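Protein chains in written order, with numbering that gives the first Met the number 0: chain A, 0 to 224; chain B, 0 to 224; chain C, 0 to 224; chain D, 0 to 224.
4 protein chains.
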Amino acid sequence: MPIEYGESFFKWRESSAETWATFTTHKFVVGLGNGMLAEAAFLRYLRQDYIFLLHFARAWALAVVKSDNLDEMRMSANLVNALLNDEMRLHVKICQEKGITREELENTTELPQNMAYTRYVLEAGFSGDFLDLMAALAPCVMGYGEIGARLKVERTSDVYSDWINTYSSQDYQNLCIDLGKVIDSAIIRRLGRNFYESERWDKLITHFQQATTLESSFWDMGLKG
Amino acid sequence: MPIEYGESFFKWRESSAETWATFTTHKFVVGLGNGMLAEAAFLRYLRQDYIFLLHFARAWALAVVKSDNLDEMRMSANLVNALLNDEMRLHVKICQEKGITREELENTTELPQNMAYTRYVLEAGFSGDFLDLMAALAPCVMGYGEIGARLKVERTSDVYSDWINTYSSQDYQNLCIDLGKVIDSAIIRRLGRNFYESERWDKLITHFQQATTLESSFWDMGLKG
Amino acid sequence: MPIEYGESFFKWRESSAETWATFTTHKFVVGLGNGMLAEAAFLRYLRQDYIFLLHFARAWALAVVKSDNLDEMRMSANLVNALLNDEMRLHVKICQEKGITREELENTTELPQNMAYTRYVLEAGFSGDFLDLMAALAPCVMGYGEIGARLKVERTSDVYSDWINTYSSQDYQNLCIDLGKVIDSAIIRRLGRNFYESERWDKLITHFQQATTLESSFWDMGLKG
Amino acid sequence: MPIEYGESFFKWRESSAETWATFTTHKFVVGLGNGMLAEAAFLRYLRQDYIFLLHFARAWALAVVKSDNLDEMRMSANLVNALLNDEMRLHVKICQEKGITREELENTTELPQNMAYTRYVLEAGFSGDFLDLMAALAPCVMGYGEIGARLKVERTSDVYSDWINTYSSQDYQNLCIDLGKVIDSAIIRRLGRNFYESERWDKLITHFQQATTLESSFWDMGLKG
Numbered sequence: 000m001p002i003e004y005g006e007s008f009f010k011w012r013e014s015s016a017e018t019w020a021t022f023t024t025h026k027f028v029v030g031l032g033n034g035m036l037a038e039a040a041f042l043r044y045l046r047q048d049y050i051f052l053l054h055f056a057r058a059w060a061l062a063v064v065k066s067d068n069l070d071e072m073r074m075s076a077n078l079v080n081a082l083l084n085d086e087m088r089l090h091v092k093i094c095q096e097k098g099i100t101r102e103e104l105e106n107t108t109e110l111p112q113n114m115a116y117t118r119y120v121l122e123a124g125f126s127g128d129f130l131d132l133m134a135a136l137a138p139c140v141m142g143y144g145e146i147g148a149r150l151k152v153e154r155t156s157d158v159y160s161d162w163i164n165t166y167s168s169q170d171y172q173n174l175c176i177d178l179g180k181v182i183d184s185a186i187i188r189r190l191g192r193n194f195y196e197s198e199r200w201d202k203l204i205t206h207f208q209q210a211t212t213l214e215s216s217f218w219d220m221g222l223k224g
Numbered sequence: 000m001p002i003e004y005g006e007s008f009f010k011w012r013e014s015s016a017e018t019w020a021t022f023t024t025h026k027f028v029v030g031l032g033n034g035m036l037a038e039a040a041f042l043r044y045l046r047q048d049y050i051f052l053l054h055f056a057r058a059w060a061l062a063v064v065k066s067d068n069l070d071e072m073r074m075s076a077n078l079v080n081a082l083l084n085d086e087m088r089l090h091v092k093i094c095q096e097k098g099i100t101r102e103e104l105e106n107t108t109e110l111p112q113n114m115a116y117t118r119y120v121l122e123a124g125f126s127g128d129f130l131d132l133m134a135a136l137a138p139c140v141m142g143y144g145e146i147g148a149r150l151k152v153e154r155t156s157d158v159y160s161d162w163i164n165t166y167s168s169q170d171y172q173n174l175c176i177d178l179g180k181v182i183d184s185a186i187i188r189r190l191g192r193n194f195y196e197s198e199r200w201d202k203l204i205t206h207f208q209q210a211t212t213l214e215s216s217f218w219d220m221g222l223k224g
Numbered sequence: 000m001p002i003e004y005g006e007s008f009f010k011w012r013e014s015s016a017e018t019w020a021t022f023t024t025h026k027f028v029v030g031l032g033n034g035m036l037a038e039a040a041f042l043r044y045l046r047q048d049y050i051f052l053l054h055f056a057r058a059w060a061l062a063v064v065k066s067d068n069l070d071e072m073r074m075s076a077n078l079v080n081a082l083l084n085d086e087m088r089l090h091v092k093i094c095q096e097k098g099i100t101r102e103e104l105e106n107t108t109e110l111p112q113n114m115a116y117t118r119y120v121l122e123a124g125f126s127g128d129f130l131d132l133m134a135a136l137a138p139c140v141m142g143y144g145e146i147g148a149r150l151k152v153e154r155t156s157d158v159y160s161d162w163i164n165t166y167s168s169q170d171y172q173n174l175c176i177d178l179g180k181v182i183d184s185a186i187i188r189r190l191g192r193n194f195y196e197s198e199r200w201d202k203l204i205t206h207f208q209q210a211t212t213l214e215s216s217f218w219d220m221g222l223k224g
Numbered sequence: 000m001p002i003e004y005g006e007s008f009f010k011w012r013e014s015s016a017e018t019w020a021t022f023t024t025h026k027f028v029v030g031l032g033n034g035m036l037a038e039a040a041f042l043r044y045l046r047q048d049y050i051f052l053l054h055f056a057r058a059w060a061l062a063v064v065k066s067d068n069l070d071e072m073r074m075s076a077n078l079v080n081a082l083l084n085d086e087m088r089l090h091v092k093i094c095q096e097k098g099i100t101r102e103e104l105e106n107t108t109e110l111p112q113n114m115a116y117t118r119y120v121l122e123a124g125f126s127g128d129f130l131d132l133m134a135a136l137a138p139c140v141m142g143y144g145e146i147g148a149r150l151k152v153e154r155t156s157d158v159y160s161d162w163i164n165t166y167s168s169q170d171y172q173n174l175c176i177d178l179g180k181v182i183d184s185a186i187i188r189r190l191g192r193n194f195y196e197s198e199r200w201d202k203l204i205t206h207f208q209q210a211t212t213l214e215s216s217f218w219d220m221g222l223k224g
């Protein structure tokens, strides 16, 4: 694999191969790459994603609360800021260019697939510990990194280059690499060097797979509304 | 209205009239009353409901944590016990009669609609306070009470009389009445006598409506799998 | 050791030997056994303990929320009920016999040592998982069991026999034994058979020791007000 | 009052006048102003405060989780960053100048008064909502602002000018003013314009007073160890 987001992510991804492929090679993703994705679908996705980012920032803030040390806290706090400031502003900007005002964007009605995903992640964090939260958060952060990096090479259209450039940027790739290191340390610290033999590992895989499935439903929602 | 589950419930229900009707007169409910509901659909629902009850018991336990006084604590703790002991045993019993072993029941895969509902309720409770949790929990408890009481009178078949008798029983009706009193007190204590004019009331209505919508999806899941 | 509350408890206790001795052979405890504890000190303790039990019941309810299976849920829910119903009623009864009305009891001002203890346990549970909560809850439940069993044999006075009989009763001892089994299973399920070699074990010891220290402060509070 | 940190803070402060005076004119504070505070006491305080800031950052992250809108989220996220980055680095710097290495600082044993305070605030947030958290967080943020502003004028010594300059700086004062606005909006949004007549107001005052008392204990800890 050309992309290296850490050992835990690699193992999670490997144990969820089919689910992961469904998410990362979804028709929506293909459409981003070849430009065939309908603008209405993209905007529907983007408006939902804006609400998603709000709750995703809340989930990363919960990771700060559940951290055991400064490295975990700082990584998680940086993600809260990246989401609340950079990423949400990007959505506001793209939407405005397409004639959707900030007010319209903020008043978007949250669709069921969106709600199902964000509440799943937050509840996993509230009921579990830092690792449960990481396993549920990783598919989104790293999946976008992997999709971005692949589409940068494979794309045949410039229609969605803003989106592709964002997630294939060195900044975003570095974020995935750094996050991978923090997750690996967090897991080794709590479950030991042979973490994949520990009893808790299966539960973390379940969170990873579930969140990956909910990512696919999110693409579905974009396509079907 | 012949049934009296308290003032807050009455107001919530009134402000969600259409959503409430969709839930309480759903095709699944009609089928319970006239016996036309396919057994496979009923068992699919029952197996999912078993998992639902586990998480619902966790949500009522969270209500104990979020309580402000002994009345709220005792009411919520009683519901945890009723769910963990009486109601789950009923599901085990009915399933066994239909040839589904306890082990099969416990290994049922949680479907997306089930997950979406339970995580929504738990997250509302974790992120909010006792009232947010009550508004999200009320539709299930009281909706089943209302449906049970109505089907007891209107039913034209005995096929699902076990289910109907459970929720129309005086015990269950009393539980709804008692819960209604605790919720009314809890709301007045926190929001004042004119609670429906308070700023928070709208947010509570939103939780009630959302949970009611998720109840309808739960019936859909029973019908469609 | 004549008392058997499980392997995890045995190891926690062993690794906190001095702290544990300070708690279980505290001057307050000695006074319960030889009857030399001033009634005012006992009543001050009892009134604080009433408030403590409220928050302790909330903490056990949080354990229901954080449970992974029905055994953990049922054990924790039973403790919520035992606390809310049996144990709190005992406090009400003893206080009434001493001329403290239920209303006075319920209006007792929570002292700092009480607050420090209960908030520590609840926060450990909210920020951590089921095991963090168990490690913080065990010292109180099992310490009282151990003290009760010892005083039953060693006591030289009947002044505080109500208290001693409660915690040396077969019912209470069985509760400790059952809880020990649930904790052992919960730990093995999450950390493996060699749990004491796992990375998380040290953190659990820290919770156990901290809660034990806070138990000693609670006795201090009884003596000094 | 020359300082204006918002209406809610003003009312909280007013209803806790004596407790507030004990905190803000504590012997420790007097010693910061006239330079008579022993260096050992100041360093003991500073080392505990470093650990305090870790948990305080977790509490502000919990405020992000419990926010209802972007303004609340951004304010809370900014505080997380200010604590994790600026304020903690200041402690590292001062300690290093006094010969306490970063490693020694990070390995400081948390004292009971410190633990009691941080766990109280976090638990108030987990069990309650955004407002409960704000009422428990306000005394520290705004108390330091008020003390800093007063000592800037009244101080008769330069010994602790670093500390005084930090909290009397325009940056810090602006942070208090901005926070005051966010809290006022948050309260009005949830409790209405006449919030001080609402049922919940008393509970918020209790959190404010309790946290203020725990601030005084924190100064005591600095003096007595």
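Note that the Cβ used here is the ideal one computed from N, Cα and C, for glycine as well. Note that this is a predicted model, so its numbers are computed, not measured.
| Item | Value |
| --- | --- |
| Check each candidate in R12/D, S7/D, S14/D and V28/D and name the one with the smallest Cα separation from S215/D. | V28/D |
| Using a Cβ cut-off of 8 Å (strictly closer), state whether P1/A contacts chain D. | Legend: pLDDT at P1/A = 42, less than 50; position of this residue unreliable, value from coordinates given subsequently. So no, P1/A is outside the interface. |
| Taking Cβ-Cβ distances below 8 Å as the criterion, which residues of the segment 124-141 of chain D are in contact with chain C? | F125 and S126 |
| Whose C-beta lies closer than 8 Å to the C-beta of T155/B among residues of the same chain, with five residues either side of it excluded? | G32, N33 and G34 |
| Below 8 Å between beta carbons: does that hold for T107/A and Y44/A? | no |
| Can you check whether the CB of I182/C is closer than 8 Å to the CB of S7/C? | yes |
| Is the CB of M72/D under 8 Å away from at least one CB in chain C? | no |
| Given a cut-off of 8 Å on the beta-carbon distance, is the pair A123/C and L203/C in contact? | no |
| Which chain C residues are close to G191/A, counting only those with a beta carbon under 7 Å from its beta carbon? | S197 and E198 |
| Whole angstroms are fine: how far does the CA of I146/B sit from the CA of N113/B? | 20 Å |
| Counting pairs of beta carbons, one from the segment 48-65 of chain A and one from the segment 59-76 of chain D, are three or more of them closer than 8 Å? | yes |
| Could you pull out every residue in the same chain whose Cβ sits closer than 7 Å to the Cβ of P1/A, ignoring the five residues on either side in sequence? | The pLDDT assigned to P1/A is 42, lower than 50, so where the model puts this residue is not dependable; a value taken from the coordinates is nonetheless given after this. Nothing listed; no residue qualifies. |
| Run through chain A and tell me which residues come within less than 8 Å of L83/D, C-beta to C-beta. | L69, M72, R73 and A76 |
| Given a limit of 9 Å on CB to CB distance, which residues of the segment 13-38 of chain D reach chain B? | none |
| Assign R46/D to buried or exposed, taking buried as 16 or more other Cβ atoms, counted over all protein chains shown, within 10 Å of its Cβ. | buried |
| Taking only the alpha-carbon atoms, compute the straight-line gap between G30/C and L83/C and give it to the nearest angstrom. | 27 Å |
| According to DSSP, is K65/B helix, strand or coil? | coil |
| Tell me where the alpha helix (DSSP H) around L31/C begins and ends. | K26 to N33 |
| Once DSSP output is grouped into helix, strand and coil, what is the label at D37/D? | In the sequence as presented, Asp is not what sits at residue 37/D; that position holds Ala. In the structure shown, A37/D sits in coil (DSSP, three-state: anything other than H, G, I, E or B). |
| So R118/D contacts chain B; which residues on that side make the cut at Cβ distance below 7 Å? | By Cβ distance, chain B contributes nothing, its closest Cβ being about 15 Å from R118/D, past 7 Å. |
| If we define contact as Cβ-Cβ less than 8 Å, is E6/A a contact residue for chain B? | no |
| Taking the continuous alpha helix (DSSP H) assigned at A137/C, which residues delimit it? | F129 to E153 |
| With a threshold of 8 Å, are at least 3 pairs of Cβ atoms found where one atom belongs to the segment 10-30 of chain C and the other to the segment 138-153 of chain C? | yes |
| Can you check which of these residues, R88/A, L130/A and S75/A, is closest to W200/A by C-alpha distance? | L130/A |
| Using the Cβ count rule (16 or more neighbours within 10 Å means buried), how would you classify Q169/B? | exposed |
| CB-CB under 7 Å to A185/B, same chain, minus the five flanking residues each way: which ones, in chain order? | E71, F129, L130 and M133 |
| Cutting at 7 Å between CB atoms, please list the residues of its own chain near L222/A, excluding the five before and the five after it. | K26, F27 and A40 |
| Determine whether the Cβ of R57/A lies closer than 8 Å to any Cβ atom of chain D. | yes |
| Since A185/A is in the alpha helix (DSSP H), which residue starts that stretch and which ends it? | Q169 to L190 |
| State the CB to CB distance for the pair G191/D and E198/B, rounded to an integer number of angstroms; the pair is presumed to be in contact (CB under 8 Å). | 5 Å |
| Please list, in chain order, all residues of the same chain as E3/D whose beta carbon is under 6 Å from its beta carbon, the five residues on each side excluded. | none |
| If the cut is a Cβ gap below 8 Å, which residues of chain D does M220/C touch? | In chain order: nothing, as chain D lies at least about 12 Å away. |
| On the three-state DSSP scale, how would you describe V91/B? | helix |
| Taking the C-alpha atoms as reference points, what is the distance between F125/A and V91/C? | 35 Å |
| Kindly list the residues whose CB is nearer than 7 Å to the CB of E153/D, restricted to its own chain and excluding five residues on each side of it in sequence; keep chain order. | G32 |
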